[in-house]
Amino acid sequence: MTTTTGQIHPEIQSFGERFSKDLPDLDSYRSCIEYTRQALPVLLLNRQLLVEIMQGVVSGEPYPDIRRPTMFDNELILYVHPARLFSLRLYLWGAGEFTYPHDHNAWGVIGTAMEGYEVTNFRRVDDGSMEGYAKLEEVARINLKPGETAFTLPFDEGIHRTGNSGDKTIITLHLYGKSHSRSYLQGYDIVNNQVYRVFPPRLKKKTLASQALADMKA
Numbered sequence: 001m002t003t004t005t006g007q008i009h010p011e012i013q014s015f016g017e018r019f020s021k022d023l024p025d026l027d028s029y030r031s032c033i034e035y036t037r038q039a040l041p042v043l044l045l046n047r048q049l050l051v052e053i054m055q056g057v058v059s060g061e062p063y064p065d066i067r068r069p070t071m072f073d074n075e076l077i078l079y080v081h082p083a084r085l086f087s088l089r090l091y092l093w094g095a096g097e098f099t100y101p102h103d104h105n106a107w108g109v110i111g112t113a114m115e116g117y118e119v120t121n122f123r124r125v126d127d128g129s130m131e132g133y134a135k136l137e138e139v140a141r142i143n144l145k146p147g148e149t150a151f152t153l154p155f156d157e158g159i160h161r162t163g164n165s166g167d168k169t170i171i172t173l174h175l176y177g178k179s180h181s182r183s184y185l186q187g188y189d190i191v192n193n194q195v196y197r198v199f200p201p202r203l204k205k206k207t208l209a210s211q212a213l214a215d216m217k218a
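So, in structure tokens, the structure goes:
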């Protein structure tokens with residue numbers, strides 16, 4: 001890999017700098033998504049770039065930092081805009097691994113470098129008035145080919161489940177826009193029609209510790 005200690009891969013750095021220049025001029029989710037869907041395949045189809053990043057993970061190089069806190073345990077952060085206007089993330093999926101259905105706090109474009117990536121989109125059909133209850137309806141199931149992308153939107157407009165329907169480990173790249181201030185995602189149990197909050201692991205630990213302290217003092 002052509003990086004020094006802790007340095008972002010130069011191709012990722014160049015990609016991030018171009019987005020940092022162009023994205024502020026786009027005035028809607030849709031225009032940001034369209035721009036990103038045109039640009040992201042360049043990285044998705046760059047096999048040498050992905051090989052170098054994976055070699056860095058395997059050899060324990062500082063970039064990408066596998067110790068950096070993330071929401072999901074298969075997630076690696078490749079680039080974060082200095083003002084958090086957007087972030088670029090890499091996900092690793094073992095054979096048959098899927099997320100639970102969940103929403104998002106930002107718009108996003110997701111794409112795969114390999115065969116097997118499946119995206120299932122849902123519509124929330126209840127009115128959200130009953131705490132802990134949510135009824136979802138599947139509206140689309142997409143199997144992306146290498147270099148292809150899909151998109152998501154914040155909150156109820158971006159509920160999906162994604163994963164690897166194949167028998168080999170795959171890599172996906174996701175670019176997410178500026179996040180809304182909500183500190184959690186919502187996860188969905190489609191069998192029992194339930195919705196629940198999912199906190200980042202670090203925040204979850206702090207929350208549980210605070211609750212434990214309160215309970216011990218009661």
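Reminder that position 169 of the sequence shown reads as 169 in my numbering, one-by-one numbering, no gaps. Cβ coordinates follow ideal geometry from the N, Cα and C atoms, glycine included.
Legend entry - Where F151 sits in the DSSP three-state scheme: Reduced to three states, the DSSP call for F151 is strand.
Inset, instruction - Using only alpha-carbon positions, find the residue among Q13, S210 and Y184 that is nearest to D103. - result: Distance from the Cα of D103 is smallest, within the candidate group Q13, S210 and Y184, for Y184.
Inset, instruction - Might you give, ordered along the chain, the residues of its own chain that have their beta carbon closer than 6 Å to the beta carbon of F155, omitting 5 neighbours on each side? - result: These residues qualify, in order along the chain: D103.
Inset, instruction - Could you tell me if Q186 is buried or exposed, where buried requires 16 or more neighbouring beta carbons within 10 angstroms of its beta carbon? - result: In the assembly as shown, Q186 is a buried residue. Its beta-carbon has 16 or more other beta-carbons within 10 Å.
Inset, instruction - Could you check the C-alpha separation between L92 and Y100 for me, to the nearest Å? - result: Whole-angstrom Cα-Cα distance: 16 Å.
Inset, instruction - Give the range of the beta strand (DSSP E) segment to which S264 is assigned. - result: Because residue 264 is not part of the residues shown, which for the chain are 1 to 218, the question remains open.
Legend entry - Length of the line joining the Cα atoms of L44 and V139: So the two alpha carbons sit approximately 26 Å from each other.
Inset, instruction - My understanding is that Y188 touches A134, with C-beta atoms under 8 Å, so please give their C-beta distance in whole angstroms. - result: Correct: roughly 6 Å between the Cβ atoms.
Inset, instruction - State the beta-bridge partners of Q194 as determined by DSSP. - result: As DSSP reads the structure, Q194 sits in a beta bridge with Y133 and D189.
Legend entry - Local conformation of I77 per DSSP, three classes: Reduced to three states, the DSSP call for I77 is strand.
Inset, instruction - Output the distance between the C-alpha atoms of L50 and F72, rounded to the nearest integer angstrom. - result: Rounded to whole angstroms, the gap between the alpha carbons of L50 and F72 is 20 Å.
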